[in-house]
């Protein structure tokens, strides 16, 4: 086994050695097995004479390249791959004996860091001399490049293709790019010497770059195909869910029919129970089927949610990978454009980025203005909702208290009426009646008047609510304030919608204007109902006051009667009839006061919140559409830059360019319509729409110029 010190020396020798410091590398047999530091043994290799080469008879390996890439089957670098450099170049590549390095039980495994460094330095250290290059060196460089490409799987001439998974595919492209970069550096170094082979090699590298660019869209198509398959699966799940809903509706309708049949069979028969058929046992089966259908529907819901979550995650990953690939392809195209002498290609790319940024600023300004407008509208609606709901709560609470009081009065009237109708004569009590009978029997004014007085006072409290006190005036002022607040936010909403009607999707906001007008009418109806309850114009005031006056008149007649004389049967029935009349009026008043504004208090705010939510969703959707359209056009312009450096078959034609230009112009016009009534300026105080138009014109001119130049060439 090699000691640790020798392995460290090998790691150091894998880097290019300096000419001023030379160290000698002893053979593995001459080194002691114990790990002892021997810095004096490490010397730079010297040129080996043919005699010494014959005497050693040992295979040698070049650790400047990775063994897994440049090593042959017998452990020796092929002569066609080794760089036939000058003596100076040979001195920079350290050579040591390779026996007992790998393949045995006692062999040491090279460190992972050493393998990675030798991979990166394989082509960099292969041609670093300063002498003129020969044709043999060019052939060696090409052989090395092809061998490395076959090792990483990037050789387009072979039957193998790129992996379909994104991670291995990205790794392969990165490795292939590194190899091309290294070969490009060497070719640039050799460009000073005019030679036919170098021109062929440069053409080979360029064709391979074009082949790699042609493969990138193919992989994107594969990713898109997988996404389409996922969408089709989602559509199938939606169809299954719809079918399950239809089955559930059918089961529910059948269950309703069975319930009606069972109810009809359960009615008592006029001919006796023997003639009525027995109730069928189908309802239990139908109920069980309904439960199974609900369980199945819940499972479909869970499956749909799970699949939707997966599709959303997959879509995000695809978008991320698409952005990454687009960025990589654009960067490679710009580098290749610099190599091919196309400086305006970078200017075109920067112009496309500038157009994307200016359009993004306009979109952000529109979204900010709309968000501010919606925030103001939300504040107005919140203020109106708080004021009106507080007022409505107060009035509804008073209605409930009045109804509860009147219900209690009605119950007491029933008790007094029962005592009057079922009362006894005075002679019936002379024989010593029960004390309970004497207590609950109204035989004189002393027992009847106090109870009537209590009823009159409680009804008077309800009637006093409509007496025109200061509290009524305060409530009417609150109603007027709520009416002003509702008019304020509805006018602001209609104004905002009128501006939105002038935008690109303005036809969809006309329906929302009709909806807000309908909501405004609902609010006015709610306020009118509250105001009528406060003033009593809905009939509550007249009914309460009339009932209270009748009860007061009857109570006055009761008080004027002699309280020492007992009530006769005729008087008892007379007062009982009066109580029945009061109770009828009381029932009418209870029905009137029970019609509160509680339903409007729950329904109208929900309508307003639903309308506001729909408006926010619509505005948010429009903003997302603008952003997506801008990003799509940015991707198209970036892809156009990539196509300009490809072969003639892949370059954009006139129709494709005109289509992209038309889409850019349509986006500019759409942004101009969407920003109506909004002043959008740049940092320099210039209109962003003018800046966007100038950028669009510049990009169009550069694209046509580059496309025309490429066609002439």
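Numbering (the UniProt record's numbering), first residue to last: 1 to 713.
Even glycine gets a Cβ: it sits at the ideal position worked out from N, Cα and C.
In terms of alpha-carbon separation, which member of 296, 466, 515, 360 lies closest to residue 625? 360
Near residue 580, which residues of its chain fall below 8 Å by C-beta distance, leaving aside the five closest residues on each side in sequence? 417
Alpha-carbon to alpha-carbon, residue 641 and residue 698: 15 Å
Backbone secondary structure at residue 343 - three-state DSSP: helix
Just curious, the alpha helix (DSSP H) that residue 473 is in, first and last residue? 470-500
Under the criterion of a Cβ to heavy atom distance below 7 Å, does residue 488 qualify as lining the ligand MN? The ligand content of the structure shown is nil, which means the ligand MN is not present either.
Report the option in 175, 134, 345, 358 whose CA atom is closest to the CA atom of residue 147. 175
Beta-carbon separation of residue 240 and residue 300 under 8 Å? yes
From 402, 385, 337, 575, residue whose alpha carbon lies closest to that of residue 612: 385
As assigned by DSSP and simplified to three states, the class of residue 163: coil
Does the beta-carbon of residue 243 have 16 or more other beta-carbons within 10 angstroms, so that it is buried, or is it exposed? exposed
Supposed contact pair residue 615 and residue 363 - C-beta distance, whole angstroms, cut 8 Å: Residue 363 to residue 615, Cβ: 19 Å. No contact.
Taking all protein chains shown into account, do 16 or more other C-beta atoms lie within 10 angstroms of the C-beta of residue 597, making it buried, or fewer, making it exposed? buried
Neighbourhood of residue 183 by C-beta, 7 Å cutoff - its chain only, sequence neighbours within 5 removed: 123, 141, 145, 205
Cβ pair residue 743, residue 373 closer than 8 Å: Since the first and last residues shown for the chain are 1 and 713, residue 743 lies out of range.
With a CB to CB cut of under 7 Å and the five nearest residues on each side skipped, what residues in its chain are close to residue 547? 459, 582, 585, 586, 589
In or out: residue 639 buried (at least 16 other Cβ within 10 Å) or exposed? buried
My output table needs one value for residue 567: the three-state DSSP class, helix, strand or coil. coil
Output needed for residue 719: all residues of its chain with C-beta closer than 6 Å, excluding positions within five of it in sequence on either side, in chain order. The structure shown does not extend to residue 719, since the chain spans only 1 to 713, so no value can be given for it.
Just to confirm the assignment: which complete beta strand (DSSP E) runs, minimum length 3, are found wholly within the segment 600-626? none
List the endpoints of the continuous alpha helix (DSSP H) containing residue 656. 654-674
Contacting residues, own chain, Cβ-Cβ under 8 Å from residue 202 (five flanking each side not counted): 187
Do the CB positions of residue 220 and residue 322 come within less than 8 Å of each other? yes
Look at residue 702 and residue 172 and say whether their C-beta atoms are less than 8 Å apart. no
In its own chain, which residues sit with a C-beta less than 8 Å from the C-beta of residue 695, not counting the 5 before and 5 after it? 351, 354, 355, 358
Note down the Cα distance separating residue 453 from residue 523, rounded to an integer number of angstroms. 42 Å
Roughly how many angstroms lie between the CA atoms of residue 307 and residue 197, to the nearest whole one? 57 Å
Tell me whether the beta-carbon of residue 557 lies closer than 8 Å to the beta-carbon of residue 446. no
Residue 252 in three-state terms, based on DSSP: helix
In its own chain, which residues sit with a C-beta less than 8 Å from the C-beta of residue 387, not counting the 5 before and 5 after it? 478, 481, 482, 485
Could you tell me whether the segment 617-631 touches the segment 500-517, using the rule of 3 or more Cβ pairs below 8 Å? yes
Hey, would you say residue 526 sits closer than 8 Å to residue 604, going by beta carbons? yes
Measure the C-alpha to C-alpha separation of residue 292 and residue 263 and round it to an integer number of angstroms. 24 Å
Expressed to the nearest angstrom, what Euclidean distance is found between the alpha-carbon atoms of residue 289 and residue 251? 7 Å
Candidates 456, 377, 152, of which the one nearest residue 406 by Cα: 456
Under three-state DSSP, which class holds residue 687? strand
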